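J.:
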Amino acid sequence: MQYDEEFWNAIDRLVQLSEIIIDRPKGTAHPRYPDFLYEVDYGYLKDTASMDGGGIDIWKGTEKEQIVDAIICTVDLMKKDSEIKILLGCTEEEKEKIYQTHNNSSCMKGILIRR
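Numbering (the numbering used here), first residue to last: 70 to 184.
1) Within its chain, find whatever has a CB closer than 8 Å to the CB of A118; leave out the 5 residues flanking it on each side and keep chain order.
2) For the putative contact between L157 and I167, defined by C-beta atoms under 8 Å, what is the C-beta separation to the nearest angstrom?
3) So, for G122: in the same chain, excluding its five sequence neighbours on each side, which residues have a beta-carbon less than 7 Å away from its beta-carbon?
4) Figure out for me which residue from M147, T143, T160 has the closest Cα to the Cα of I180.
5) Below 8 Å, how does it come out for the stretch 143-152 and the stretch 105-118: are there three or more Cβ pairs, yes or no?
6) DSSP on T170, reduced to helix/strand/coil?
7) Beta strand (DSSP E) containing I141: first to last residue?
8) In terms of DSSP beta bridges, what is K154 paired with?
9) Note the first and the last residue of the continuous alpha helix (DSSP H) segment covering I72.
10) Give the DSSP bridge partners of K178, in chain order.
11) Measuring only the C-alpha atoms, how far is E165 from A139?
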């Protein structure tokens, strides 16, 4: 559909126009939950805005070709909010890890939407 392609093109443009900040590299612990380790690089797009007041979140994978081919939409019952997180250059294995990350608690649920 035309609008679907326009949506993905807009996300591509947003990523191209933004600096990617990886503030939680793969293997590091979450700042508030030290038992949680990031399995994929995680960060945000600088100078963007998301529901939580920070930048738009991004998962950056290890694929050689760094393209956006999925997003994950999340609902957080603790914070009572919802957001999208962009997946950039993620392998299928990384996508599965990200999906599991956003669905491993009763308080947060996510749905992966592929391009």
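Where a beta carbon is used, it is the ideal one built from N, C-alpha and C, also for glycine.
Computed from a predicted model, the values in this text were never measured in an experiment.
T.: Quick answer:
1) Short of 8 Å from the beta carbon of A118, and not among the five residues preceding or following it, lie these beta carbons of its own chain, in chain order: G124, I125.
2) Taking C-beta atoms under 8 Å as the contact rule, L157 and I167 fail to qualify, at a distance of about 11 Å.
3) So no residue of the chain qualifies.
4) Per the C-alpha coordinates, the member of M147, T143, T160 positioned closest to I180 is T143.
5) Short answer: they don't touch.
6) Helix.
7) Its beta strand (DSSP E) spans residues 137-145.
8) Under DSSP, K154 shares a beta bridge with D126, I141.
9) Per the sequence presented here, residue 72 reads as Tyr, with Ile not at that position. Segment 71-86, the alpha helix (DSSP H) holding Y72.
10) K178 is bridged by DSSP to V144.
11) It is roughly 12 Å from the alpha-carbon of E165 to the alpha-carbon of A139.
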